[in-house]
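**Student:** My questions will all concern the structure given below.
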């Protein structure tokens, strides 16, 4: 049973990161929490003896997905900013 | 080459075509790209037809173990593709409809993105590959993969006209709800794998037989979750909200495919999973599955019909009629008998032709007048008599006018369900057909008073003013292909009701489809088992009579409505109903969870 | 412990759904969908775990010397992760277009499709 | 629907799903159990085909059709993204300005780039032996190229990124997978059959068609992810709507 303590901790970390990713409403900050979720999932997968899955989760969950989210935010924000300025003029 | 060996080719032909189109897309002129697209779609159609013809004469269900991992003593590590008549028949339907959609889009469709001439046909080919794979696979996870493939491509195709605000929003809602449905299915697959340690339909069914008795919570949850995703695609209430939002905005050729077959594939998936996995000993008791499917079916049919009648946006009107008919199909499947499946199969075939033809007609209106609004178009369709004739014929066929395939399917299905269901089938057909006829009478005949707000109605978000899909603005002349395609589709729907050979084939297919033990024996042990034959779908006097009644009701309803003045305010009692369909992702997710709960409660 | 991983998977799924239903920003909603999906990874891998098992990679352990965990669920999860990434990409590109056409990414303000 | 009604529906639905799911969990075999019939068969089958990494054997041999579907999903969504994020009529391109990069960042990124690239290629190549494979390696390769954006600027990235070529590579990866699968047919095998000699266990050339399919995936993923990110970068950096542009000049 003691051998599975790390797994339990990993699960708690994943649950916490997942909850955080939902509760953090700002997409930029959410993307950082998502990347944390990706990292903790990768750690959990390693503990569950799934190095293949951990590796792709690391590549996708903690790099690719947050990167795409950030780029989308940048695009959306830029659009919104230029419109706000227009309104002021 | 045996029949079994052609099965993977049906899936990979369009895939390869898509890769070729993208790879060569930069150099290909538009004409060549479209020709290539049609060629590959037709290639898959020919393969599916040949395989179907070869299967039709023999009793077996050809099974191809991809990678050659044939089972020993009933166990294998591979994935199997099963070419039974139902699966192959659907693959054929998919391929033919894809061909029709590509032909309809031929040359008229708006300019493709710069240097990506092949992207539209390539996406459609991938859509075809996903749908064909889904119909043929005999493995739960593989079905999920193909389910996601058709999903992903469908989101992109729905949002294809990115300059349309509603198109991208509809596509997004579609994508979110359907992806969530897919993940729910995957959770269910995980539960079933934990329970049985297998992934193939037949293998899971076999493993379940080892522990007969009443199903435990695990099995109920597994069944509920797996079926949820499929019912999302099938637009069963309360998972149906995405459908109208997506169908109203997708390019017309894509609407033809989504309403014609994609929705029905969700139903097929649910039925396939039920019969191959859960119908044997240790599975779900038939009474529970019957109760759940019937309840959802009635709910779907009623709600779809109510919403359909209130629409003035023609594509939304057709979309809700698809919801209503999906409800009828669900009721037919809920009987859990070969008669019900056979009836639904005929109904689906007829409906695919009719609904695709109706969408094609609306597409012509959109491209000629830059609108799909029933009131704005009042009387303007008079210059398009042929389109009007096709549209009217489609409306009559939808209402169930014999001898269209829809009428035969409706008759056989309502008889299989029996009792009070006949009344519901007649009413649903009459109202949805009546809505189409009403719109047709206003648009193409100019009947009734011209609505005062025909110009513009800013308060109503569902008015149908839109950009035409054609290049260079509204069409001045309708291309022959755009008119030929709906005509051929309607003729095909007529043939479904008239060709006796097709009916016998469907009857045999339904017998095999509902034969749990036969499927397991064929897949796991390669033994061809002849199912107990039941009478194939056929015309009866009462069926014809009810079909005529429904058609008369529809026509009467349409005429009665167009003669009355157009009311500006919507009826009070429909307001809460319309509020539910808010287009808000959050609402749809809440309903989604409620739907899973409802489904679980109905089954348990 | 015996059911903890399964419960965590369920928790992630429901949390993701809650986030989707209450989100005020579509980019955030797509992130919540990714949380929903991570529940499937956790469930699948938990189902395939075997106490005391090692990874089913035999480049440095001799075959048969130690029990290994279920490789099937790992292959499924790999496929699932790819699907998740691609769906996210597609949905985000739709969100970008929604922002351009509607000038908002708040679902409450996007009420053009109604009835 | 009002917010309050939505929350009620959500709460009821969520509660129901939670009950259903928890009841199911109580019936599940407990975590860490030893009954994995399919898994055990897969391990035996992988060893019989001389593939050291069982997961690669499952992905590229036993359940290779899943991977074909997965690859097509990636292919379809890259194509979908290209179509959805295209430059529309009301949009223009803006030349991105050359950016000033801190020397330390530049040194780090320029050092990390070849290292990451090599790691990625290594992960692709050893897919049938050790953890990793075409997908994981492909993502790493694609990401490594984008270090150039951090190290120099967007224009440097664009120079090493002839997008047309990557799109062709993406399609070629997809086609190659189909073709390798179909090549088994004339040899009398089923589609995606492992018709090549299995080679010596635990060497680079072991596993028959596994390394070939793995490489096809690697090419497709690397190229696909580059195209995917390029579309997002284009939107974030280059493409502006006409009103944005007017505002920028003002």
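Chains as they are written, first to last, in this note's numbering: chain A, 93 to 181; chain B, 625 to 1228; chain C, 1465 to 1579; chain D, 61 to 310. Even for Gly, the Cβ is constructed at its ideal location relative to N, Cα and C. All values reported here derive from a predicted model rather than from experimental measurement.
Among 1214/B, 1147/B, 1205/B, 1170/B, which one has its Cα closest to the Cα of residue 704/B?
**Tutor:** Against the second chain, residue 704/B aligns to sequence position 80. Per the Cα distances, 1147/B.
**Student:** Below 8 Å on the Cβ atoms is my contact criterion, and I expect residue 863/B with residue 764/B to pass it. Report the Cβ-Cβ distance as a whole number of Å.
**Tutor:** Locating residue 863/B in the second chain gives position 239, counting from the first residue. Locating residue 764/B in the second chain gives position 140, counting from the first residue. About 20 Å separates the beta carbon of residue 863/B from that of residue 764/B, a gap too long to meet the 8 Å contact definition.
**Student:** Would you tell me roughly how many angstroms separate the C-alpha atoms of residue 153/A and residue 768/B, rounded to the nearest one?
**Tutor:** Mapped onto the first chain, residue 153/A falls at position 61. Mapped onto the second chain, residue 768/B falls at position 144. Near 21 Å, if we compare the C-alpha coordinates of residue 768/B and residue 153/A.
**Student:** Decide yes or no for the touch test of the region 130-146 of chain D against the region 637-654 of chain B: beta carbon pairs closer than 8 Å, at least 3 of them.
**Tutor:** yes
**Student:** Give the interface partners of residue 1208/B over in chain C, defined as CB-CB distance under 8 Å, in chain order.
**Tutor:** For the purposes of this step, residue 1208/B is taken as the residue at position 584 of the second chain. Simply 1571, 1572, 1574, 1575.
**Student:** Looking only at its chain, what residues have a beta carbon closer than 6 Å to the beta carbon of residue 37/D, apart from the 5 residues adjacent to it on each side?
**Tutor:** Nothing can be reported for residue 37/D, as the shown portion of chain D is limited to 61 through 310.
**Student:** Name the residue from 893/B, 838/B, 923/B, 937/B whose alpha carbon lies nearest to the alpha carbon of residue 871/B.
**Tutor:** Residue mapping note: residue 871/B aligns to position 247 of the second chain, counting from 1. That would be 937/B, whose Cα lies nearest to the Cα of residue 871/B.
**Student:** Indicate the three-state DSSP secondary structure (helix, strand or coil) for residue 912/B in the structure shown.
**Tutor:** Your numbering for residue 912/B matches position 288 in the second chain. DSSP places residue 912/B in helix when its eight states are reduced to three.
**Student:** In or out: residue 1039/B buried (at least 16 other Cβ within 10 Å) or exposed?
**Tutor:** Taking the second chain and counting its residues from 1, the one referred to as residue 1039/B is at position 415. Buried, since its Cβ has 16 or more Cβ neighbours within 10 Å.
**Student:** Chain C beta carbons: is any one of them nearer than 8 Å to that of residue 995/B?
**Tutor:** Position 371 of the second chain, counted from the start, is the residue given in the question as residue 995/B. False, the Cβ-Cβ gap to chain C never drops below 8 Å.
**Student:** What residues match up with residue 137/D in a beta bridge as DSSP calls it?
**Tutor:** Taking the fourth chain and counting its residues from 1, the one referred to as residue 137/D is at position 77. None, per the DSSP bridge assignment.
**Student:** Between residue 1470/C and chain A, is any beta-carbon pair separated by less than 8 Å?
**Tutor:** On the third chain, position 6 is the one that residue 1470/C refers to. No, no contact with chain A.
**Student:** Measure the CB-CB distance between residue 633/B and residue 669/B and report whether it falls below 8 Å.
**Tutor:** On the second chain, residue 633/B is found 9 positions in, with the first residue counted as 1. On the second chain, residue 669/B is found 45 positions in, with the first residue counted as 1. No, these two residues do not count as a Cβ contact at 8 Å.
**Student:** Provide the residue(s) that pair with residue 687/B in DSSP beta bridges, ordered along the chain.
**Tutor:** Position 63 of the second chain, counting from 1, holds the residue named residue 687/B. DSSP output for residue 687/B lists 706/B as bridge partner(s).
**Student:** Compute the Euclidean distance between the alpha carbons of residue 225/D and residue 202/D, then round it to the nearest angstrom.
**Tutor:** Counting from one through the fourth chain, the residue named residue 225/D turns up at place 165. Counting from one through the fourth chain, the residue named residue 202/D turns up at place 142. Going by the C-alpha atoms only, they are around 14 Å apart.
**Student:** Roughly how many whole angstroms lie between the Cα atoms of residue 169/D and residue 207/D?
**Tutor:** Walking along the fourth chain from the start, residue 169/D turns up at place 109. Walking along the fourth chain from the start, residue 207/D turns up at place 147. Using only the alpha carbons, I get a separation of about 6 Å.
**Student:** Do you know offhand how far residue 1134/B's Cα is from residue 915/B's?
**Tutor:** What you label residue 1134/B is simply residue 510 of the second chain in a count that begins at 1. What you label residue 915/B is simply residue 291 of the second chain in a count that begins at 1. Their backbone Cα atoms lie some 21 Å apart in a straight line.
**Student:** Inspect the beta-carbon positions of residue 1120/B and residue 973/B and report whether they are closer than 8 Å.
**Tutor:** Locating residue 1120/B in the second chain gives position 496, where the first residue counts as 1. Locating residue 973/B in the second chain gives position 349, where the first residue counts as 1. Yes, these two residues count as a Cβ contact at 8 Å.
**Student:** Nearest CA to the CA of residue 759/B: which residue from 807/B, 708/B, 1003/B?
**Tutor:** As a working note, residue 759/B is residue 135 in the second chain. That would be 708/B, whose Cα lies nearest to the Cα of residue 759/B.
**Student:** In its own chain, which residues sit with a C-beta less than 7 Å from the C-beta of residue 933/B, not counting the 5 before and 5 after it?
**Tutor:** Working through the second chain from its first residue, we reach residue 933/B at position 309. 1055, 1059, listed in sequence order.
**Student:** Determine the direct distance from the alpha carbon of residue 1199/B to that of residue 1500/C, and round the result to whole angstroms.
**Tutor:** Counting from 1 along the third chain, the entry for residue 1500/C is found at position 36. Counting from 1 along the second chain, the entry for residue 1199/B is found at position 575. Between residue 1500/C and residue 1199/B, the C-alpha separation is close to 33 Å.
**Student:** Can you list, in chain order, the residues of its chain whose CB lies under 6 Å from that of residue 753/B, leaving out five sequence neighbours each side?
**Tutor:** Position 129 of the second chain, counted from the first residue, corresponds to residue 753/B. Once the five neighbours on either side are set aside, the close Cβ partners of residue 753/B are 635, 638, 639.
**Student:** Let me check one thing: in DSSP terms, what residues is residue 763/B bridge-paired to?
**Tutor:** Here the question's residue 763/B lines up with position 139 in the second chain. Looking at the DSSP assignment, residue 763/B forms a beta bridge with 824/B.
**Student:** Just the C-alpha distance for residue 260/D and residue 128/D, rounded to the nearest angstrom, thanks.
**Tutor:** Position 200 of the fourth chain, counted from the first residue, corresponds to residue 260/D. Position 68 of the fourth chain, counted from the first residue, corresponds to residue 128/D. Those two C-alpha atoms are separated by around 26 Å.
**Student:** Would you list the residues sitting across from residue 988/B in a DSSP beta bridge?
**Tutor:** Your numbering for residue 988/B matches position 364 in the second chain. Beta-bridge pairing links residue 988/B to no other residue.
**Student:** What do you get for residue 165/D, buried or exposed, if any count of 16 or more other CB atoms within 10 angstroms of its CB means buried?
**Tutor:** Counted from its first residue, the fourth chain places residue 165/D at position 105. With fewer than 16 other Cβ atoms within 10 Å, it is exposed.
**Student:** Would you mind working out which of 880/B, 896/B, 999/B, 663/B sits nearest residue 958/B, comparing C-alpha positions?
**Tutor:** Position 334 of the second chain holds residue 958/B. Nearest of 880/B, 896/B, 999/B, 663/B to residue 958/B, Cα basis: 896/B.
**Student:** Would residue 298/D count as contacting chain B if we go by Cβ distances under 8 Å?
**Tutor:** By 1-based counting over the fourth chain, the position of residue 298/D is 238. Not closer than 8 Å to any Cβ of chain B, the Cβ of residue 298/D fails to qualify, so no.
**Student:** Would you list, in chain order, the members of the region 1121-1143 of chain B that have their beta-carbon closer than 9 Å to a beta-carbon of chain C?
**Tutor:** none
**Student:** Just checking: is the beta-carbon of residue 1505/C within a distance shorter than 8 Å of some beta-carbon in chain D?
**Tutor:** Taking the first residue of the third chain as 1, we reach residue 1505/C at position 41. Chain D, which has no Cβ nearer than 8 Å to the Cβ of residue 1505/C, makes this no.
**Student:** Cα-Cα, which of 968/B, 961/B, 809/B is closest to residue 954/B?
**Tutor:** As a first step, residue 954/B is located in the second chain; it is residue number 330 there, counting from the start. Among 968/B, 961/B, 809/B, the Cα nearest to that of residue 954/B belongs to 968/B.
**Student:** Could you please tell me which residues of the region 1514-1542 of chain C, in chain order, have their CB closer than 9 Å to any CB of chain D?
**Tutor:** 1514, 1515, 1516, 1517, 1519, 1520, 1521, 1522, 1523, 1524, 1527, 1528, 1531, 1532, 1533, 1534, 1535, 1536, 1537, 1538, 1539, 1540, 1542
**Student:** Rounded to whole angstroms, how far is the Cβ of residue 778/B from the Cβ of residue 83/D, which I believe are closer than 8 Å?
**Tutor:** Stepping through the second chain from its first residue, residue 778/B is reached at position 154. Stepping through the fourth chain from its first residue, residue 83/D is reached at position 23. No, residue 778/B and residue 83/D are not in contact; Cβ-Cβ is about 34 Å, not under 8 Å.
**Student:** Mind checking if residue 1488/C is an interface residue toward chain A, Cβ cutoff 8 Å exclusive?
**Tutor:** Numbered from 1 along the third chain, position 24 holds the residue referred to as residue 1488/C. Yes, because at least one Cβ of chain A sits closer than 8 Å to the Cβ of residue 1488/C.
**Student:** Flag residue 230/D as yes if its beta-carbon sits less than 8 Å from any beta-carbon of chain C, otherwise no.
**Tutor:** In the fourth chain, the residue the question calls residue 230/D occupies position 170. It does not: the Cβ of residue 230/D has no partner Cβ on chain C nearer than 8 Å.
**Student:** Would you call the region 826-837 of chain B and the region 1136-1152 of chain B touching, i.e. three or more CB-CB distances under 8 Å?
**Tutor:** yes
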